[in-house]
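J.: Residue numbers (my numbering): 97 to 409.
The beta carbon of each residue, even a glycine, is placed where N, CA and C say it ideally should be.
Shown next as structure tokens:
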């Protein structure tokens, strides 16, 4: 038995979500129900698990519990990169063992392809998922050296990439800040809240049972079943998936084995036409830092207008 004593903090409004029209949330769990499968957490992992179970177990009753409204948690607050290639932030030059990296690449690309198929199945807008690759942006000599080392590693793996010089980076951004970049083609760039909300609504339309604003306060095993309780209801399920990322410690698992990192992101107000013209460059681009401790930067347009997003530790 596990009693959940720690809950998520109130992080305020999620920027990506605020760019979108108001959405009618699914109901809060307010009675006692049975399920074949229960998934706790309606983020990236939980929604993908629900989709896969619906493919494998046609006719099974699948219940999703989300503590907040969909898109208000970490899945709707990230910088929106689905990255296929390994990026070892703990090493001095990214390069890991080739066989391990190849396995990781296959896993990442399988997940990205699974996401693409969900996007297609549920007819999400184009800006929800853009398979355009990403750029490792370098602002210093150290960053350029990181990119050169990473490019050599990719070449050894047989992976395509292209170096960009300072002039090309300025053409993209309108700024002379970056000295160079390394483009790789396999990353998908997403609008996180648009993606998460669209997938969640698509799953509900396909028969999945989603309950929002229903944080779990207790879970226990009763014979061959799990009994999961919320403030106003409960679920009895044959099998349960905890898709809660680092919050799994709050459910009694992996205690003293996980370390949590806080990342911080901000998004500008919508830029005026004058500011857009003054900035110059392309209307959409997405940079991860060549230096592992650097900043992720995106320029976005479309729903919500032209904006800049910066993410750092």
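For residue 140, which residues from the same chain have a beta carbon less than 6 Å from its beta carbon, with the 5 sequence-adjacent residues on both sides left out?
T.: 171
J.: Excluding the five sequence neighbours on either side, which residues of its own chain have a C-beta within less than 8 Å of the C-beta of residue 312, listed in chain order?
T.: 100, 136, 161, 163, 324, 325, 326 and 347
J.: Closest to residue 321 by C-alpha separation, out of 133, 355, 284 and 244, would be which residue?
T.: For residue 321, the nearest C-alpha among the options comes from 133.
J.: From residue 296 to residue 205, what distance separates their C-alpha atoms?
T.: 22 Å
J.: Tell me whether residue 289 is buried or exposed, calling it buried when 16 or more other Cβ atoms sit within 10 Å of its Cβ.
T.: buried
J.: Would you grab the beta carbon distance between residue 275 and residue 236 for me? Rounded to a whole angstrom, and I think it's under 8 Å.
T.: That pair is a contact at about 7 Å.
J.: Using 8 Å for Cβ pairs, my map puts residue 292 next to residue 382. What's the rounded Cβ distance?
T.: About 18 Å; that fails the 8 Å criterion.
J.: Compute the distance between the beta-carbons of residue 278 and residue 299, then report whether it is under 9 Å.
T.: no
J.: Where DSSP assigns a beta bridge to residue 318, which residues make up the other side?
T.: According to DSSP, residue 318 shares a beta bridge with 321.
J.: Could you check if residue 357 is buried or exposed, using at least 16 other CB atoms within 10 Å of its CB as the buried criterion?
T.: Its Cβ having fewer than 16 others within 10 Å, residue 357 is exposed.
J.: I think residue 208 touches residue 180, with their Cβ atoms under 8 Å apart; what is that distance to the nearest whole Å?
T.: 6 Å
J.: Anyone know if the C-beta pair for residue 242 and residue 234 falls short of 9 Å?
T.: yes
J.: Residue 230: which of 183, 254 and 334 sits nearest, CA to CA?
T.: Ranking the options by Cα distance to residue 230, first place goes to 183.
J.: Between which residues of its own chain and residue 186 is the CB-CB distance below 6 Å, once the five residues before and five after are set aside?
T.: Note that residue 186 has pLDDT 33, beneath the 50 cutoff, so the model's placement of it is unreliable and the number below is only indicative. Here the set comprises nothing.
J.: Tell me whether residue 132 sits in a helix, a strand or coil according to DSSP, three-state version.
T.: In the structure shown, residue 132 sits in a strand (DSSP, three-state: E or B).
J.: Would you identify the three-state DSSP class for residue 197, choosing helix, strand or coil?
T.: helix
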